[in-house]
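S.K.: Take this structure, written in structure tokens, and hold onto it; I'll ask about it next.
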Amino acid sequence: MNEFALESGQPAPRLDGMRRINFYLLGAVTFLVLCYFFFLSAPGNFPPGAVIRVEKGSSLRSVSAVLKKEHIIRSRVAFESLVIILGGEKRIVSADYLFENKLPVWEVALRIRWGKHFMAPVSVTIPEGFDVKQIGDTFASKLTNFNKARFLLKAESKEGYLFPDTYFFLTDADEDDVLRSMTDNFNKKIVSLSGEIASSGKTEKDIIIMSSIIEREAKGNIDREVISGILWKRLKIGMPLQADAAPETYKTKGLPEAPISNPGILSIKAAIYPKSSPYLYYLHDKNGNIHYAKSFSEHEQNILKYLK
0 MNEFALESGQ PAPRLDGMRR INFYLLGAVT FLVLCYFFFL SAPGNFPPGA VIRVEKGSSL
60 RSVSAVLKKE HIIRSRVAFE SLVIILGGEK RIVSADYLFE NKLPVWEVAL RIRWGKHFMA
120 PVSVTIPEGF DVKQIGDTFA SKLTNFNKAR FLLKAESKEG YLFPDTYFFL TDADEDDVLR
180 SMTDNFNKKI VSLSGEIASS GKTEKDIIIM SSIIEREAKG NIDREVISGI LWKRLKIGMP
240 LQADAAPETY KTKGLPEAPI SNPGILSIKA AIYPKSSPYL YYLHDKNGNI HYAKSFSEHE
300 QNILKYLK
């Protein structure tokens with residue numbers, strides 16, 4: 000022990016060292032607390048429930064500027080540094096992001112980096128037989144970024160090839176996202192039927208055109224195959240299709256040049272597998288029930304009986 004320290008009443012050097020360590024620790028803790036408060040914690044005026052849109056092609060700096068402006072983060076430097084550490088500088092996921100409560104900057108960075116937007120997807124159901132205009136109307140009422148005019152322009156050549164189904168989109172989805180999803184869905188469905196279409200002796204185009212008519216003409220699953228058989232028979236004998244769903248088929252022979260609607264899988268299969276019958280005519284009464292006829296005179300009787 001240091002005799003001078005004992006005789007003079009001075010504390011041992013080791014005590015001075017402990018005090019210095021405690022001082023530095025306190026300083027470090029204070030520094031970290033201040034860093035957290037000024038850089039890492041949520042701003043005091045953080046708006047709970049805020050929805051922030053990150054546009055496609057947004058840069059990290061532009062995103063951090065928006066987050067700073069909307070009081071989601073305190074420090075752009077802290078946010079950008081964390082995103083870079085997470086490897087997301089050039090992988091910003093575009094979406095509408097919901098910030099339901101106050102979040103520290105690292106949680107915000109994680110969400111933006113991995114696309115954890117916490118927004119419930121929008122469910123949109125397209126019934127079988129809808130044409131592109133009806134599809135456009137439906138999506139325009141559901142998606143804020145959906146441009147109906149651009150959709151109709153791009154979808155004009157895709158009539159018949161947009162598969163009717165229930166789709167789920169993020170709120171920022173646009174007409175290109177819709178077209179891509181519906182076209183991809185159609186391609187997946189039709190690939191599984193390619194062998195059956197080839198065996199039918201008809202082209203895919205003719206099958207889709209016919210199924211688009213069947214979709215509009217039939218009222219039930221049983222009707223589809225019988226109506227398919229009747230329509231293919233009319234083509235075979237050189238008779239106009241005379242389908243109410245396609246008025247031009249009363250004036251010209253053969254199939255229309257393009258599909259008139261977007262058929263579902265049942266109508267496509269009905270076009271591939273028509274059911275043979277002795278009938279050449281059919282109509283639906285006011286209750287939707289179908290009535291067949293072998294000759295035109297029988298068909299006229301059905302018209303007088305069920306439609307007059």
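Just so you know, we're using numbering that gives the first Met the number 0 here: the sequence shown kicks off at 0 and counts up by one.
Using N, Cα and C, we set each Cβ at its ideal position, and we do this for glycine too.
#1: Determine the direct distance from the alpha carbon of I264 to that of L282, and round the result to whole angstroms.
#2: On the premise that I206 lies in contact with I267, defined as a C-beta separation below 8 Å, what is that separation, rounded to the nearest angstrom?
#3: For R215, does the three-state DSSP call read helix, strand or coil?
#4: Within the region 90-155, note down every full alpha helix (DSSP H) run reaching 4 residues or more, in order along the chain.
#5: Express the C-alpha separation of L109 and E247 in angstroms, rounding to a whole number.
#6: Does DSSP put L234 in a helix, a strand or coil?
#7: Which term fits S227, buried or exposed, when burial requires 16 or more other beta carbons within 10 angstroms of its beta carbon?
#8: Is it the case that the Cβ atoms of E79 and L59 are separated by a distance below 9 Å?
#9: Ignoring anything shorter than 3 residues or poking outside the region 46-87, list the beta strand (DSSP E) runs there in chain order.
#10: Let's test the definition: count the other Cβ atoms within 10 Å of the Cβ of V82 and tell me whether it reaches 16, buried, or not, exposed.
#11: Helix or strand or just coil, what does DSSP make of T170?
#12: Going by DSSP, what residue range makes up the alpha helix (DSSP H) through I289?
#13: If you draw a straight line from the alpha carbon of A41 to that of L66, how long is it in whole angstroms?
#14: Would you report the Cα separation of A244 and I208, rounded to the nearest angstrom?
#15: Note down, in chain order, each residue of its chain lying with its Cβ closer than 6 Å to the Cβ of R75, except the 5 sequence neighbours on either side.
#16: Hey, is the region 111-127 in contact with the region 163-180, meaning 3+ C-beta pairs nearer than 8 Å?
#17: Classify Y305 as helix, strand or coil using the three-state DSSP reduction.
M.R.: So, from the listed chains and residues:
#1: Looking at the two C-alpha atoms, the distance is approximately 23 Å.
#2: 7 Å
#3: helix
#4: DSSP runs (the alpha helix (DSSP H)) wholly in the region 90-155: 104-113, 131-139 and 147-154.
#5: 57 Å
#6: helix
#7: Buried is the call here.
#8: yes
#9: 49-53
#10: Burial call: buried.
#11: T170 sits in coil when the DSSP states are folded into three classes, being neither helix nor strand.
#12: DSSP places I289 outside any alpha helix (DSSP H); the residue lies instead in the beta strand (DSSP E), whose first and last residues are I289 to A292.
#13: 11 Å
#14: Distance between the alpha carbons of A244 and I208: 12 Å.
#15: Result list for R75: S63 and K67, in chain order.
#16: yes
#17: helix
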